Amino acid sequence: MDMICPHCQAKKFRGEPPGMCCSGGKITFFGTTATMQKSGYMPTFKVKGQIYHRVGSLLPLPNENHKFLQIYFMGDEEQQVNQRCGNTAGTRRNIVLNLQRMFHQHINLVKVFKTALERMPTDEYSIVIRADKRPAGEHERRFNAPTVDEVAVIMVGDESDRRDIIIQKRNDSLQHISGTHRSYDALQYPIIFWEGEDG
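Residues 18 to 216 in my numbering are what the sequence shown lists, from first letter to last.
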């Protein structure tokens, strides 16, 4: 790796085609002021601004097909593979099946989402973004999130403010997670972090 990209400073192999790393400067990285957004694409992050991410419903609307994360909750692996292969013509079933098995086996965050889905119909949830910022004199439950079919989080305030992100585990213990937790990479890039390792 003795070549350097003039746009992003990536180290490259001598025979590597130009544009492989950043498409000739069209893709920006953390620390820049630009945000990449294509038509019809919902960005997962916004550089030098607030961060938004919408997971969406874990279950499809009535009479709708499962898609994206929802496919993990369809039932048996045959249904999941059929749905994934049906979304894109020419998809190689054996590759999809092997990737799917690998994700289920190695990525613990898939299990976390399944736990959330299993508990949704019977348990009520509350989402606390800033546990220490409840207005004085107000009842603590007044500011709980409503029970809905979809999880949505909107964070307002200075990006340097500390956030309380809390996950309730299957054994009812609570775990605090940093807003920049490295485990999020395994969900965003499952093929790169195929063993569920931290990013």
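Even for Gly, the Cβ is constructed at its ideal location relative to N, Cα and C. All values reported here derive from a predicted model rather than from experimental measurement.
Boundaries (first-last residue) of the alpha helix (DSSP H) holding residue i
i	result
F120	R110 to H123
E94	E94 to N104
Residues of its chain near residue i, where Cβ-Cβ distance is below 6 Å and the 5 sequence neighbours each way are ignored
i	result
P77	H83 and Q87
Per-residue DSSP class, three states only, for residue i
i	result
K6	This structure leaves residue 6 out entirely; the chain is present only between 18 and 216.
L86	helix
C38	coil
L126	helix
Residues that residue i bridges to, as DSSP identifies them
i	result
I21	K28
Environment of residue i [buried if 16+ CB atoms lie within 10 Å]
i	result
Q96	exposed
A210	Per the sequence shown, residue 210 should be read as Phe rather than Ala. Buried.
Q54	With a pLDDT of only 48 at Q54, under 50, the local geometry of the prediction cannot be trusted, and no value is derived from it.
7 Å CB neighbourhood of residue i in its chain, flanking five on each side removed
i	result
C102	T108, R110 and V113
F120	V127 and P207
N22	Reading off the sequence, residue 22 comes out as Cys, not Asn. Around C22: K29, C38 and C39.
Contacting residues, own chain, Cβ-Cβ under 8 Å from residue i (five flanking each side not counted)
i	result
C25	C38, C39, G42, I44 and F46
Cβ of residue i within 8 Å of any chain D Cβ
i	result
G92	This model lacks chain D altogether; it includes just one protein chain.
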